[in-house]
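One structure is given here, and the rest of the page talks about it.
Residue numbers (full-length UniProt numbering): 1 to 813.
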């Protein structure tokens, strides 16, 4: 095979055959490091001259390669051009390579991000409430709509404070105002608004703080319905998932309706109807455009923009809402301008602030008649809106005028008719400051207002209004009850003793008939509280509440019938279905008509000449009793006409003594003011009963200066100051000194322990039974009849009429 010709520009050593080397031979063998490529020695340096062996620079080629490229100067030029083209190609495609690299990494990150998102969604979805809890919208907490007897609204009660209102019942500008200011793309997004999120992020970034949220109305509803109000990524992600679910399951109208009826708008109001009644005194169905804008403005900050706390801020924010409504095309420029020119002032709802005490009481009673509520209900009551307003004003205005002077800060009033229906109730001076209902929840000592039960028991034992007892010092064991003046009138009739609220006589009577008998009488007439059958029961030392005490006086006004108090007449669903209707209750006569007449004669004398003179109603027969406790801590007046029974209590929540206030002062004044207004336009009616006895011996002439008022010592008050003139009653203890009485606690007829009052010879020793005492009738004391008490466990039947005994002159007494 022919050997290739050597190239001109290379030194190509050719070895035909191997030969043995000697030490003197020149080594010209090529190692791998000596091979060259592209016309350049691997170890050469351009322009370096000779190498270390003394050869000129040479370009060697690997004989094992089939390289036919140009060599030499021309080759080098070609190489340089080729390299320049390659460099230009690389520079031209750099941006493309960067873009391609970016796309590659974006895809990689997108894949992993999607995997992470799916994992995160799955994780947080697993922590959502059970699907059974949010497969349907949870029921809104039921509302209790409470109406007066004329159909007017008293108040709404429940967790929301307002009615559920369908969106088609609302004026269209109310939901439009909410959408315009809170979620302008509500009708176009799918529950989550990406543009809104971007906008919120941009605004917050510029502000350097969170000034705008990205939540849609649907997200807010999801949060309110199902989630806790925490600010975490987990909650936001769950909120978004539930918002999408809501959008898939419900229409926009249903979502907006649910939102408007549940959103919190301040002052304890949940939903637009509750807020409308709270701030404007009307239903959300009836609000104006400006009022709708104010409600929408509350969504940003209910406490800051509430019209009750800052009317100017509320109206200014509402103007922004109106501008947003115009921008969205919901209203015209003219409508926006007209509404913005209106300034809205807050107004209260219902028949008055005092009626809220009734509303709370009614709401507490509703479950007792219909069970647990699972729907909105309408409750019809016995409350008279006119009387309720009059009662509230009587308490508030009187205390505002005179309360500070007498050191009294609180009061309560209850009024019931002859059937027991509660017509008015005031539980305190100011509901906004204190929601404690003192008419129902507070128990206080009634003082002498309890004495009518003592005297009724005595009448049922055979005494009569003109029965004489002696007002003088009394001791029962170690207890010595006293009158306030520490003076005594001597012989007085029961009628006078009750009218002047003499303590000693009441204690003696209770001891005669037995404290247990007095307790039985009080319970029979309507007192529900536990009463202690001890000697001091006559002075009202056992605590009661105002409602039960007032109701226990009602039998005197209605002819002797017990009438448990009630306030609810019907409960209905919002569509009119009757859930409860108060049945007609059977009335039970608990006082014989004869005794009703006697008690009315005695108690009317309290207003005519006794401690309750300030309560007298011109032109109307009325009766009642005052009550005051130790240190004037409690002051009462309970009274009645044939039309209405009312009770008033005044005092302090901390039990601090007042400044000598008595039941015959402010309580009697409040009672009079209320009753005068309550009886305007009502036909005059006499009290039941025809007993017309008048104490001709001890009756105080009308032109005689009356007693100074109701004061007390011990647990209750006596009557007025000692009398003067020809008919003046004794003011010093009568002959015989201190009269010791045996403690007859538990006895029902302790007549055998009876002193011959006024007998100088009697002393305080052992005495014969009254029926064996020859001076008994001579001293004017008729025999005590031992008839069974109403409701007594021994005989629950009534006392037969006419069985009260026979007077010395043959007539009934």
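By construction, the Cβ of each residue, glycine as well, lies at the ideal position given by its N, Cα and C atoms.
In this structure, residue 259 lies away from residue 289, with their beta-carbon atoms at least 8 Å apart. The C-beta separation of residue 553 from residue 640 comes to about 6 Å, placing the pair in contact by the 8 Å criterion. For residue 146, the uninterrupted beta strand (DSSP E) run begins and ends at 143 to 147, by DSSP. Counted as a single uninterrupted DSSP element, the stretch harbouring residue 657 is not any alpha helix (DSSP H), since DSSP gives it neither H nor E. For residue 573 and residue 372, the gap between their C-alpha atoms comes out near 13 Å. Residue 297 sits away from residue 272, with the two beta carbons spaced by 8 Å or more. Under the DSSP definition of a beta bridge, residue 493 partners with 468.
The closest CA to that of residue 312, considering only 344, 356, 283, 287, is found on 344. Judged by DSSP secondary structure, residue 253 falls outside any beta strand (DSSP E) and instead within the alpha helix (DSSP H) spanning 252 to 260. Proximity of the region 456 to 468 to the region 647 to 656 falls short of the contact definition, fewer than three beta-carbon pairs being nearer than 8 Å. Rounded to the nearest whole angstrom, the C-alpha separation of residue 287 and residue 314 is 15 Å.
Contact fails between the region 376 to 385 and the region 664 to 675, because fewer than three Cβ pairs, one in each stretch, are under 8 Å apart. Note that the region 620 to 633 touches the region 447 to 461; at least 3 beta-carbon pairs, one per stretch, sit closer than 8 Å. Look at residue 77 here: in three-state DSSP terms it is helix. Here residue 515 is buried: its Cβ has 16 or more other Cβ atoms, across all protein chains shown, within 10 Å. Collapsing the DSSP output to three states places residue 154 in a strand.
Linking residue 155 to residue 563 through their CA atoms gives a straight-line distance of about 26 Å. Distance check between residue 518 and each of 644, 456, 369 places 456 closest, using alpha-carbon atoms only.
One alpha carbon belongs to residue 366, the other to residue 582, and they sit about 12 Å apart. For residue 413, the enclosing beta strand (DSSP E) begins and ends at 410 to 416. Residue 312 sits in a helix when the DSSP states are folded into three classes.
In this model, residue 432 and residue 353 are separated by some 8 Å (Cα to Cα). Setting aside the 5 residues that flank it on each side, residue 612 is surrounded in the same chain by 606, 624, 626, 664, 668, each with a C-beta closer than 6 Å to its C-beta; the list follows chain order. By the criterion of at least three beta-carbon pairs nearer than 8 Å, the region 172 to 185 is in contact with the region 327 to 347. Residue 650 has 411, 635 as its beta-bridge partners, per DSSP. Taking 8 Å as the cut-off, the beta carbon of residue 557 is found no closer than this to the beta carbon of residue 383. For residue 626, the enclosing beta strand (DSSP E) has its first and last residue at 623 to 628. Here residue 438 carries a coil assignment [DSSP, helix/strand/coil]. The alpha-carbon separation between residue 429 and residue 490 amounts to approximately 42 Å. Distance from the CA atom of residue 305 to the CA atom of residue 317, rounded to whole angstroms, is 7 Å.
Under the three-state reduction of DSSP, residue 606 is assigned to helix. Within the same chain, and ignoring the five residues on either side of residue 299 in sequence, the residues whose Cβ sits closer than 8 Å to its Cβ are 178, 181, 182, 263, 265.
The C-alpha of residue 251 is placed about 37 Å away from the C-alpha of residue 109. Cβ-Cβ separation between residue 279 and residue 161: approximately 12 Å, too far for a contact (criterion under 8 Å). Taking the Cα positions, residue 207 is about 34 Å away from residue 172. As a beta-bridge residue in DSSP terms, residue 380 pairs with 147, 570.
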